[in-house]
Ligand code: FEO
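Written out as structure tokens, the structure reads:
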């Protein structure tokens, strides 16, 4: 059973970004499945690496679009992206260094961050830019 189920309320209305957000949800659910099935310690390093790579790529695409549309909240949005990436990179490095990662805390962080960021910050920039361009 997935931890987080996609709902239309998460759609920001740009299919490229919605598809990428769905992929982020699926990575969270994959991590949760590995946790429930007991295989998390074998899979966590690869899952974190995949999450970092995909998030960084998604964030760069969004930031380019916001910059091209002169979105006034770009700097703060970039900061949110950076704070998230830093947290996950620190966890990943800590794991590589041989420390245990609290998977429940990680799942909670991912769930809270994805939901809040998509529902509030991502939705806000799409609406703001749509207002300007229409
Ligand atoms: Fe879709 Fe701002 O991340």
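Residue numbers (my numbering): 2 to 135. All C-beta atoms in this analysis are idealised placements derived from N, C-alpha and C, irrespective of residue type, glycine included.
How would you label residue 67, buried or exposed, when you count the other beta carbons within 10 angstroms and need 16 or more for buried?
Walking along the chain shown from the start, residue 67 turns up at place 66. That one is buried.
Contact set for residue 19: own chain, Cβ-Cβ below 7 Å, skip 5 residues either direction:
Along the chain shown, read from residue 1 onward, the residue named residue 19 stands at position 18. 12, 13.
Using a Cβ-Cβ cutoff of less than 8 Å, which residues in the same chain neighbour residue 89 once the five nearest sequence positions on both sides are dropped?
To locate residue 89, count along the chain shown from 1; it is residue 88. Contacts found: 49, 52, 53, 56.
Express the C-alpha separation of residue 126 and residue 39 in angstroms, rounding to a whole number.
Here residue 39 refers to the residue found at position 38 of the chain shown. Here residue 126 refers to the residue found at position 125 of the chain shown. Taking the straight line from one Cα to the other gives about 39 Å.
Residues whose Cβ lies closer than 7 Å to any heavy atom of the ligand FEO, in chain order
18, 21, 22, 59, 60, 63, 78, 81, 82, 118, 119, 122, 123
Look at residue 59 and residue 21 and say whether their C-beta atoms are less than 8 Å apart.
Taking the chain shown and counting its residues from 1, one reaches residue 59 at position 58. Taking the chain shown and counting its residues from 1, one reaches residue 21 at position 20. Taking 8 Å as the Cβ cut-off, residue 59 and residue 21 qualify as a contacting pair.
Leaving out five residues before and five after residue 43 in sequence, what residues of the same chain have Cβ atoms less than 7 Å from its Cβ?
Locating residue 43 in the chain shown gives position 42, counting from the first residue. Closer than 7 Å at Cβ, skipping near neighbours: no residue.
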